[in-house]
Amino acid sequence: TWVCIQGSIDLYLQRHHLGRIRTAAALSLIIFYFTLGFCPIGRCNRSSSPFQGIFIAFIAKAFLSLYGEQYRSNHLFVLRAKAPIYKEGEQLYKQLAESTNLSQIAIDTLIADQNIETWKKRRAGHTPLAQYIKEKGIGVKDQLGIIPDIELVNALAWYKSRGGPKLQKRMKNMKMHCRVVLYQFSQKNGVNNFPLIKTFSQGQGLQIQSKARYPTIWNLQILFNYINTHQPLTSEEIQQTAMAMIVACCAARMTELVQMKVSEIVQEQHSITLQTHTSKSKQIIKHIFIFSKRIGRCCPVKTLLSWTAQREKDSIIHDQIWHNLSKKAPATPQYCSHQLTNIIRRAGIQSPYTGPTIRHAMMTRLRAAGATQPE
């Protein structure tokens, strides 16, 4: 009887999407079961009474009728509240794209090629503008006319008048993403540099100010000088040198570093190619690094080949390039960071700088040389 009742209750809960109260229902049934088991009537008729299971089923049905409908209505209300969120912003983006004679296939491809997290933020930023257009009865094409800056400032002022929590943050988000979409589809170039938008943003404190993590960054040449003058002897030093040169020459993140595999090394006459990948928002992002041979010890190709040869001597069999020598296991991002910190400490770089600042130093050096962000 107990098994049949429990199976019926589980089926009912699954059919009505009441999984969250399954535990509560089961506990209630157990309590009533033992209550009947220890009462005088239960002791007399425990082995033969058919009313015990019927009574338990009745109590369970009453419990579900009292709380099940309330939970289901609340649960569906939450789903209804979350489902259409930022839908207006997405529709506005598609309408603006259609107004420039883009086909539906091209629009879908344009959206699919964007990063998922960026697309979510962009929809959120477009939603206030879509609400403004709907309330004022303005045509979508008017946003792409000869005065898109005036329309955007009007929308920002309207949004500010509505108030609400976290207004400053929401206005910054709106300004940033609406400027991007107007820059993409507007007939007038240079929307990002319009004086009217800049003046309004400065007056309302909407300028996005980037803060550097460190006031200054150390010179990468200090690390190169250390590698040129010190010969690594132990397995740990050989791995640290190779790891530092790889990060310095490709500005790889720690998450990218640990994904590098020996089987994906492609060795050519004057270069080595490495492949790695990272994941973001359930999307796999592939990275390909090409290292060329250099004269002297500061050569990523030489240091990497030296480490792979040392791996064979130490009988390291797993495919991941970097190895945790203390735990005899593949290296983690934290372990790689600590190893890089050790080598820059020996080179003379003190706190607060740590291993990942090798990447920061290379990025600073590239920007100083005039490299663009993609480069």
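Oh and the sequence shown: position 127 is 127 in UniProt numbering, straight run, nothing missing. We treat Cβ as the ideally placed atom computed from N, Cα and C, and that holds for glycine. Predicted, not measured: the structure shown is a model, and the values here were computed from it.
Just curious, the beta strand (DSSP E) that Ile290 is in, first and last residue? Stepping through the sequence shown from its first residue, residue 290 is reached at position 290. Following the DSSP letters along the chain, one finds Ile290 inside the beta strand (DSSP E) bounded by residues Gln283 to Ser292.
Grouping DSSP H, G and I as helix and E and B as strand, with all else coil, what is Leu325? Along the sequence shown, read from residue 1 onward, the residue named residue 325 stands at position 325. Residue state for Leu325 is assigned as coil, using DSSP reduced to three classes.
By Cβ distance, which residues of its chain are closer than 6 angstroms to Val262, with the 5 residues on each side in sequence left out? The sequence position of residue 262 within the sequence shown is 262, counting from 1. The answer, listed in chain order, is Asp319 and Ile321.
Please state whether DSSP places Leu274 in a helix, a strand or coil. For the purposes of this step, residue 274 is taken as the residue at position 274 of the sequence shown. The DSSP-derived three-state label of Leu274 is strand.
Sub-9 angstroms separation of Ser99 and Phe185 beta-carbons: Here residue 99 is taken as the residue at index 99 of the sequence shown, counted from 1. Here residue 185 is taken as the residue at index 185 of the sequence shown, counted from 1. Cβ distance < 9 angstroms, so Ser99 and Phe185 count as in contact.
Taking the CB atoms as reference points, tell me whether Leu156 and Phe200 lie closer together than 9 angstroms. As a working note, residue 156 is residue 156 in the sequence shown. As a working note, residue 200 is residue 200 in the sequence shown. In this structure, Phe200 lies closer than 9 angstroms to Leu156 by Cβ.
List in chain order: all unbroken beta strand (DSSP E) runs of 3+ residues lying wholly within the stretch 249-274. Scanning the stretch 249-274 for uninterrupted beta strand (DSSP E) segments of 3 residues or longer gives nothing; none is fully contained.
Quick one: what does DSSP say Ser279 is sitting in, helix, strand or coil? Mapped onto the sequence shown, residue 279 falls at position 279. Here Ser279 sits in strand by DSSP.
Contact check, Glu90 vs Lys134, beta carbons under 9 angstroms: Counted from its first residue, the sequence shown places residue 90 at position 90. Counted from its first residue, the sequence shown places residue 134 at position 134. Not closer than 9 angstroms, so no.
Does DSSP put Pro232 in a helix, a strand or coil? In the sequence shown, residue 232 corresponds to position 232, counting from 1. In the three-state reduction of the DSSP assignment, Pro232 falls in the coil class.
Exposure of Pro374, with buried meaning 16 or more beta-carbon neighbours within 10 Å: By one-based count along the sequence shown, residue 374 stands at place 374. Answer is exposed; the Cβ neighbour count stays below 16.
Local Cβ density within 10 Å of Pro165, reported as buried at 16 or more and exposed below that: Working through the sequence shown from its first residue, we reach residue 165 at position 165. An exposed status is given to Pro165, since fewer than 16 other beta-carbon atoms sit within 10 Å of its beta-carbon.
With DSSP run on the structure shown, which of helix, strand or coil describes Pro333? For the purposes of this step, residue 333 is identified with residue 333 of the sequence shown, where counting begins at 1. Residue state, collapsed to three classes: helix.
Would you kindly work out how many angstroms separate the C-alpha atoms of Met176 and Asn228, rounded to a whole number? Taking the first residue of the sequence shown as 1, we reach residue 176 at position 176. Taking the first residue of the sequence shown as 1, we reach residue 228 at position 228. Rounded to the nearest angstrom, the two C-alpha atoms are 46 angstroms apart.
How far does the alpha helix (DSSP H) with Arg179 in it extend, from its first residue to its last? The residue you call residue 179 lines up with position 179 of the sequence shown. Here the alpha helix (DSSP H) through Arg179 covers Leu167 to Phe185.
With C-beta atoms as the reference, is Leu110 less than 9 angstroms away from Ala130? Position 110 of the sequence shown, counting from 1, holds the residue named residue 110. Position 130 of the sequence shown, counting from 1, holds the residue named residue 130. No.
Buried/exposed call for Gln239, threshold 16 Cβ in 10 Å: Here residue 239 corresponds to residue number 239 of the sequence shown, with the count starting at 1. By the neighbour-count rule (16 or more Cβ atoms within 10 Å), Gln239 is buried.
Can you give me the C-alpha to C-alpha distance between Ala309 and His323, rounded to a whole angstrom? The residue labelled residue 309 in the question sits at position 309 within the sequence shown. The residue labelled residue 323 in the question sits at position 323 within the sequence shown. Cα to Cα, the separation comes out at about 13 angstroms.
With burial defined as no fewer than 16 other Cβ atoms inside 10 Å of the residue's Cβ, what is the status of Ile358: buried or exposed? Start at 1 with the first residue of the sequence shown, and residue 358 comes out as number 358. So Ile358 ends up on the buried side.
Residue of Ser279, Thr234 and Lys172 minimising C-alpha distance to Asp314: Within the sequence shown, the letter at position 314 stands for residue 314. Across the set Ser279, Thr234 and Lys172, the C-alpha of Thr234 shows the shortest separation from the C-alpha of Asp314.
So His318 is in the alpha helix (DSSP H); what residue range does that whole segment cover? To locate residue 318, count along the sequence shown from 1; it is residue 318. Judged by DSSP secondary structure, His318 falls outside any alpha helix (DSSP H); it is assigned neither H nor E.
Exposed or buried, what is Ala331 when buried is set at 16 or more other beta-carbons lying within 10 Å of its beta-carbon? Along the sequence shown, read from residue 1 onward, the residue named residue 331 stands at position 331. It is buried - the Cβ of Ala331 has at least 16 other Cβ atoms within 10 Å.
What's the gap between the Cα of Leu220 and the Cα of Ala361? Walking along the sequence shown from the start, residue 220 turns up at place 220. Walking along the sequence shown from the start, residue 361 turns up at place 361. Taking the CA atoms as reference points, Leu220 sits about 6 angstroms from Ala361.
Could you pull the start and end residues of the alpha helix (DSSP H) that Asp142 belongs to? Position 142 of the sequence shown holds residue 142. Where Asp142 is concerned, there is no enclosing alpha helix (DSSP H), given that its DSSP letter is neither H nor E.
By the three-class DSSP mapping on this structure, what secondary structure does Arg345 have? The sequence position of residue 345 within the sequence shown is 345, counting from 1. Helix.
Which of helix, strand or coil DSSP assigns to Asp149: To locate residue 149, count along the sequence shown from 1; it is residue 149. The answer is helix: DSSP assigns Asp149 an H, G or I state.
Report back the beta-carbon spacing between Leu223 and Ala347 to the nearest angstrom; my notes put them in contact at under 8 angstroms. For the purposes of this step, residue 223 is taken as the residue at position 223 of the sequence shown. For the purposes of this step, residue 347 is taken as the residue at position 347 of the sequence shown. Correct: roughly 5 angstroms between the Cβ atoms.
Look at the alpha carbon of Asp149 and the alpha carbon of Trp218, and state the distance between them as a whole number of angstroms. Here residue 149 refers to the residue found at position 149 when the sequence shown is read from its first residue. Here residue 218 refers to the residue found at position 218 when the sequence shown is read from its first residue. Rounded to the nearest angstrom, the two C-alpha atoms are 41 angstroms apart.
So, is the C-beta of Leu92 closer than 9 angstroms to a C-beta in chain C? No chain C appears in the structure shown, which is made up of a single protein chain.
Return yes when the Cβ of Gln275 is within less than 9 angstroms of the Cβ of Glu268, no when it is not. Within the sequence shown, the letter at position 268 stands for residue 268. Within the sequence shown, the letter at position 275 stands for residue 275. Not in contact: Glu268 and Gln275 (Cβ atoms no closer than 9 angstroms).
Quick check on this structure: which residue in Met245, Ala251 and Trp119 has the alpha carbon closest to the alpha carbon of Arg367? Locating residue 367 in the sequence shown gives position 367, counting from the first residue. Ranking Met245, Ala251 and Trp119 by CA distance to the CA of Arg367 puts Ala251 first.
Taking the beta carbon of Leu92 as the centre, do at least 16 other beta carbons fall within 10 Å, making it buried, or is it exposed? Position 92 of the sequence shown holds residue 92. Leu92 comes out buried.
Helix, strand or coil for Asn45, going by three-state DSSP, please let me know. Within the sequence shown, the letter at position 45 stands for residue 45. No answer about Asn45 holds up, because its pLDDT of 46 lies below 50 and its placement is not dependable.
Classify Gly355: buried if its beta carbon has 16 or more other beta carbons within 10 angstroms, exposed otherwise. Position 355 of the sequence shown, counted from the start, is the residue given in the question as residue 355. Answer is buried; the Cβ neighbour count reaches 16.
Quick check on Glu237: does DSSP put it in helix, strand or coil? In the sequence shown, residue 237 corresponds to position 237, counting from 1. In the three-state reduction of the DSSP assignment, Glu237 falls in the helix class, which pools H, G and I.
Apart from the five residues on each side of it in sequence, which residues of its chain come closer than 8 angstroms, Cβ to Cβ, to Arg122? On the sequence shown, residue 122 is found 122 positions in, with the first residue counted as 1. Excluding residues within five positions, the ones whose Cβ falls inside 8 angstroms are Gly89, Tyr93, Gln114, His177, Val180 and Val181.
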